[in-house]
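What follows is a set of notes on a single structure, which appears directly below.
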Amino acid sequence: MNSIGKTTAVALGAALMLAGPARADLTIGFSAPLSGPVAAVGQDQYDGFMLGIETLGGKLGGQKVTVLREDDQLKPELGNQIARKFVDHDKVDAVVGLGFSNVLMASLPRLVESGTVAIATNAGPSVLAGARCASNVFSVAWQNDGSAEAMGKYAQDAGYKRVYLMAPNYQAGKDFIGGFKRFYRGEILDEVYTAVGQPDYSAEIAQLQAADPEAVFVFYPGGMGVNFVKQFSQAGLAGRIPLLSAFTVDGTTLPSLREAALGTVSGAMWDVGLDTPGNAEFIAAFTAKYGRAPSAYAAVAYDAARLLDLAFARAGGDRTALAAAVKAAGAELKSVRGPFHFGSNNMPVQNYYAFETVKQGGKVTPRKIGTPLAGHADAYAAQCAM
Amino acid sequence: MSASLLIAQLLNGLQYGVLLFLLAAGLTLVFGIMSFVNLAHGSLYMLGAYALAVVSGATGSFALGVAAALATGIVVGALLEWAAASRLYRRDHLDHVLATFGLVLFFNELTRMVWGPQPLFVALPEALSGTVELMGFFYPAYRFLIIAVGLAVALGSAWLIHRTRLGMLIRAGSVNPQMVGALGVNIRLLNALLFALGAALAALAGAMAGPILSVQSGMGEPVLITALVVIVIGGIGSVSGAFYAALIVGLTDTLGRTYLPLLMREFASREIASAAGPALASMLIYLLMAVVLALRPQGLFPAHRG
Chain A
79 MNSIGKTTAV
89 ALGAALMLAG
99 PARADLTIGF
109 SAPLSGPVAA
119 VGQDQYDGFM
129 LGIETLGGKL
139 GGQKVTVLRE
149 DDQLKPELGN
159 QIARKFVDHD
169 KVDAVVGLGF
179 SNVLMASLPR
189 LVESGTVAIA
199 TNAGPSVLAG
209 ARCASNVFSV
219 AWQNDGSAEA
229 MGKYAQDAGY
239 KRVYLMAPNY
249 QAGKDFIGGF
259 KRFYRGEILD
269 EVYTAVGQPD
279 YSAEIAQLQA
289 ADPEAVFVFY
299 PGGMGVNFVK
309 QFSQAGLAGR
319 IPLLSAFTVD
329 GTTLPSLREA
339 ALGTVSGAMW
349 DVGLDTPGNA
359 EFIAAFTAKY
369 GRAPSAYAAV
379 AYDAARLLDL
389 AFARAGGDRT
399 ALAAAVKAAG
409 AELKSVRGPF
419 HFGSNNMPVQ
429 NYYAFETVKQ
439 GGKVTPRKIG
449 TPLAGHADAY
459 AAQCAM
Chain B
129 MSASLLIAQL
139 LNGLQYGVLL
149 FLLAAGLTLV
159 FGIMSFVNLA
169 HGSLYMLGAY
179 ALAVVSGATG
189 SFALGVAAAL
199 ATGIVVGALL
209 EWAAASRLYR
219 RDHLDHVLAT
229 FGLVLFFNEL
239 TRMVWGPQPL
249 FVALPEALSG
259 TVELMGFFYP
269 AYRFLIIAVG
279 LAVALGSAWL
289 IHRTRLGMLI
299 RAGSVNPQMV
309 GALGVNIRLL
319 NALLFALGAA
329 LAALAGAMAG
339 PILSVQSGMG
349 EPVLITALVV
359 IVIGGIGSVS
369 GAFYAALIVG
379 LTDTLGRTYL
389 PLLMREFASR
399 EIASAAGPAL
409 ASMLIYLLMA
419 VVLALRPQGL
429 FPAHRG
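Same order as they appear, the protein sequences are chains A and B. So for the first sequence, the numbering used here puts the first residue at 79; every next one is plus one. So for the second sequence, the numbering used here puts the first residue at 129; every next one is plus one.
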């Protein structure tokens with residue numbers, strides 16, 4: 079190597095070293111289930127997040143942002159690998175998405191250890207809200223029990239004396255039934271757990287009909303919800319037995335349910351029926367861009383982008399200050415869901431609404447009928463040592 | 129336990145059984161006669177449901193949707209036979225599994241690219257969206273249509289196999305395909321016909337299931353696994369075996385799901401029963417298959433050989 083080459087190399091090296099810490103651009107790692115049976119949920123989060131960044135001019139906190147997208151396929155081991163890739167290889171400024179509770183829990187150890195700010199847009203498992211809370215891990219979505227707790231409160235307030243509960247036979251199913259029971263004091267006729275991914279509920283619906291409840295509460299996310307609600311309606315029970323649910327009739331399933339979902343009541347922290355400031359603009363922008371109405375998943379991810387915008391602006395270039403900045407930005411955020419801030423355990427403190435599916439101007443749409451839980455903090459915060 | 133509830137559960141089991149039969153009939157024919165393992169059979173079921181959703185959505189006619197599903201089944205089935213299956217008949221079963229598993233991934237991705245990950249909407253015809261009252265119990269009218277269609281197909285296939293020339297060739301082909309070929313029968317055409325017929329039945333099953341299930345990418349796989357259990361229990365290659373086994377599996381699964389958790393409460397605490405009951409109930413049909421394989425490996429109703 080001649081001396082000119084050497085000099086160039088040294089100069090280049092020095093330039094690179096200088097460029098390193100003073101990086102102008104931000105990198106965000108986004109992961110969600112983007113294929114398989116729950117792909118619609120992941121897609122809505124990605125689209126909502128990207129829309130959020132777009133409305134901020136492609137910048138977060140004034141810095142240009144690049145989003146790396148990964149599909150966790152709803153597999154915990156894959157979620158863990160993706161988190162490691164984002165943290166160790168891509169050295170991202172923040173991780174967003176993090177998938178379902180089981181995937182999030184698998185990624186958690188590396189995220190906590192690395193200190194990288196992680197914002198869940200789809201999960202808030204009870205252990206993360208409680209004993210394993212971490213200062214750099216947030217949920218901008220919900221603590222998992224929230225919607226079910228709201229429906230329990232709703233059933234209690236509505237004066238239903240005998241209810242029938244159904245959910246898939248896995249941890250989240252048990253959590254949702256537990257959440258409902260935390261606020262409902264009446265008689266529980268039966269708690270039925272079905273196989274995960276079960277397509278046909280005719281046998282269970284016949285049992286339910288025979289039990290003659292005053293109301294039914296179910297948690298059937300995704301395709302299971304479509305199956306259950308269709309079959310419940312076809313059995314002639316819609317309109318005869320009030321159907322309360324969480325994550326069952328939502329923005330991802332309503333387009334394929336339409337009239338079959340009429341009269342059902344859902345507990346959620348957001349739906350298109352909400353008239354909070356900025357919500358109409360968000361819904362219009364999302365619908366114009368993607369040709370479909372947004373779901374709560376999209377709304378949460380949209381909020382995540384705006385939350386990060388505030389947080390990066392607050393933290394300046396200091397990455398170590400980012401976690402505290404996110405926490406403070408939570409109270410500043412003008413969320414499309416209405417009042418919002420982070421609790422001591424980095425879980426949302428927010429309203430949980432009741433939405434009834436109604437027909438308005440020939441369109442089947444959710445309409446807000448109440449706020450069973452206002453400014454609600456989860457039941458696990460006391461177990462969090464932060 | 130009231131009698132009307134038991135009747136409703138028996139109807140549920142029957143309806144599930146005939147739906148499984150529609151799927152298993154084609155699978156068992158292709159497996160039994162051409163010795164071809166077709167995992168993509170579930171994709172044909174899914175395509176049938178998509179065809180119904182798209183065509184009945186565009187035209188507003190349920191009957192046209194079902195016709196479109198049948199046509200889709202026949203066309204895609206014939207294409208698959210020509211492009212993939214016919215080239216693999218002479219290869220071993222592992223190659224069949226690999227190739228048709230690839231097709232499953234292809235079709236799942238295709239539907240997702242064209243229609244997106246969201247489930248599609250399927251309207252039920254007004255006349256069938258009501259319920260029928262049975263001794264104070266409401267039963268969905270549409271499920272009676274599924275039962276009627278399934279039984280009609282079962283009768284039709286019995287007639288086809290036992291009373292027609294084509295049926296005679298099918299029976300002969302299942303015993304000794306080389307001999308049938310040597311006697312001057314175009315065995316390749318016979319295979320293609322059978323494959324398309326099986327595909328049409330799978331698509332019909334998908335179309336019938338469309339209004340009650342979520343029509344989305346990947347909907348064919350869980351039901352395909354159950355259909356494989358059916359043909360193993362019934363005896364591979366036997367259509368009547370597939371029919372009886374489908375009813376047995378349908379009833380076992382439905383009644384097991386209903387009564388096993390209730391039964392377990394008699395012996396264990398409610399907590400344990402409500403957790404273990406459904407888990408055990410979902411295993412029942414596999415346990416049944418294991419018992420059948422241990423005691424009668426040829427299946428309960430094997431095709432007559434020799």
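Even for Gly, the Cβ is constructed at its ideal location relative to N, Cα and C.
Your pair ALA401 (chain A) and SER213 (chain A) checks out as a contact, with CB atoms roughly 5 angstroms apart and the cut at 8 angstroms. Listed along chain B, the residues sitting closer than 9 angstroms to VAL304 (chain A) by beta-carbon distance are PRO247, LEU341, SER342, VAL343, GLN344. Within the same chain, Cβ atoms closer than 8 angstroms to the Cβ of ALA131 (chain B) are found at MET263, the five residues on either side in sequence being excluded. Taking a Cβ-Cβ cut-off of 8 angstroms, THR133 (chain A) has no neighbours in chain B, whose nearest Cβ is about 23 angstroms from it. Where GLU132 (chain A) is concerned, the enclosing alpha helix (DSSP H) starts and stops at 117-133.
By the Cβ test, the stretch 350-370 of chain B is not in contact with the stretch 245-259 of chain B, since fewer than three Cβ pairs between them sit closer than 8 angstroms. Under the criterion of beta carbons closer than 8 angstroms, GLY384 (chain B) and ALA401 (chain B) do not qualify as touching, at roughly 14 angstroms. For the options A:LEU451, A:ALA452, A:ALA110, A:VAL436, the alpha carbon positioned closest to that of ARG445 (chain A) is the one of A:VAL436. When A:ARG188, A:ALA284, A:PHE261, A:ARG210 are compared, the shortest CA-CA separation from ASP235 (chain A) is found for A:PHE261. For GLN276 (chain A), there is no enclosing beta strand (DSSP E), since its DSSP letter is neither H nor E. By alpha-carbon distance to ALA403 (chain A), the top candidate from A:LYS137, A:ALA281, A:ILE197 is A:ILE197. One thing to note: LEU206 (chain A) has its Cβ within 8 angstroms of the Cβ of VAL215 (chain A). A residue is called buried when at least 16 other Cβ atoms come within 10 angstroms of its Cβ; PRO355 (chain A) does not meet this threshold and is exposed. Shown here, LYS441 (chain A) sits in a strand according to DSSP, grouped into three states. A straight-line Cα-Cα distance of about 35 angstroms links ALA363 (chain A) and VAL294 (chain A).
Listed as beta-bridge partners of HIS454 (chain A) by DSSP are A:GLN428. For SER204 (chain A), the uninterrupted alpha helix (DSSP H) run begins and ends at 204-207, by DSSP. Under the 8 angstroms criterion on CB atoms, GLU148 (chain A) is classed as non-interfacial with respect to chain B.
For the set B:LEU322, B:GLY312, B:LEU356, the Cα lying nearest the Cα of SER302 (chain B) is the one of B:LEU322.
DSSP links ARG147 (chain A) through a beta bridge to A:PHE108.
PHE429 (chain B) is outside the set of residues whose beta carbon lies under 8 angstroms from a beta carbon in chain A. TYR271 (chain A) sits in a strand when the DSSP states are folded into three classes. Under the DSSP assignment, SER311 (chain A) falls in the alpha helix (DSSP H) whose first and last residues are 301-312.
For GLU261 (chain B), the enclosing beta strand (DSSP E) stretches over residues 259-262. For THR435 (chain A), no Cβ of chain B is located within less than 8 angstroms of the residue's own Cβ. The Cβ atoms of LEU248 (chain B) and TYR173 (chain B) lie no closer than 8 angstroms to each other.
As the crow flies, the alpha-carbon of ASN236 (chain B) is around 6 angstroms from that of GLY346 (chain B). Remark: C-beta atoms of TRP220 (chain A) and GLY208 (chain A) do not approach each other more closely than 8 angstroms. Taking CB atoms only, GLN312 (chain A) has a neighbour in chain B less than 8 angstroms away. About 16 angstroms separates the Cβ atoms of PHE178 (chain A) and ALA226 (chain A), ruling out a contact at the 8 angstroms cut-off. Using a Cβ-Cβ cut-off of 8 angstroms, GLY275 (chain A) counts as an interface residue toward chain B, since at least one Cβ of chain B sits closer than that to its own. For the stretch 203-221 of chain A, the set of residues with a beta-carbon nearer than 9 angstroms to any beta-carbon of chain B is empty. ASN305 (chain A) is positioned such that its CB atom lies closer than 8 angstroms to that of ASP278 (chain A).
Going by DSSP, ILE289 (chain B) is part of the alpha helix (DSSP H) stretching over 269-291.
The C-beta of ALA227 (chain B) comes no closer than 8 angstroms to any C-beta of chain A. Within the stretch 397-427 of chain B, those residues whose Cβ lies closer than 9 angstroms to any Cβ of chain A are, in chain order, ARG398, SER402, ALA403, GLY405, PRO406, ALA407, ALA409, SER410.
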